[in-house]
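Accompanying notes for the structure given below.
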Amino acid sequence: MKVLQAGERVWIVLDDHATRIHFVIEYGPAVNQITLETHIKYRVDHWVLRRAQRWPLGYYDELQQAKDACALALGMPTFRTPATAPDGSIVTPEEQRARWQAGLDPRTGQRIDRSTSPAAS
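The sequence shown runs 22 to 142 under our numbering.
See below:
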């Protein structure tokens, strides 16, 4: 992942090969929808050319937190559909995502030994 400063308060996040923009980070005001308070935050948006079509990944207090969220999102597979576990139960995309973030197999929920996987070498 590469982060380039594109303006005074704007950063773009590229993949490792620097072939595609994945996220844009902007430092500016954000309004809390419940309390209507305005805070200055780092807003991370998924990148698309038209600004109106971007959707937020999240809001963060520090630039490093925003970069970490981008790195986590880039490494995470997209869980969009329910999966069937070996026992026949249905695993929702939210459960799959939570298991993956905890270092577990998204389908089974078992611990993954990454030291013996081919990707680790």
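Virtual Cβ for every residue (Gly too), placed ideally from N, Cα, C.
Asked                                                                                                                            : Found
Apply the 10 Å Cβ neighbour rule to Gln85 and answer buried if 16 or more other Cβ atoms are within range, or exposed otherwise. : exposed
Give me the Cβ distance between Ala73 and Arg64, rounded to the nearest whole Å; I'm assuming they're in contact under 8 Å.      : In fact, because the Cβ distance is near 15 Å, the residues do not count as touching under 8 Å.
Curious, which full-length alpha helix (DSSP H) runs of at least 4 residues does the region 113-138 contain?                     : 114-122
Using DSSP bridges, identify the partner residues of Glu47.                                                                      : Val31, Arg64
In angstroms, rounded to a whole number, what distance separates the CA positions of Cys91 and Leu35?                            : 10 Å
DSSP three-state label for Leu93, please.                                                                                        : helix
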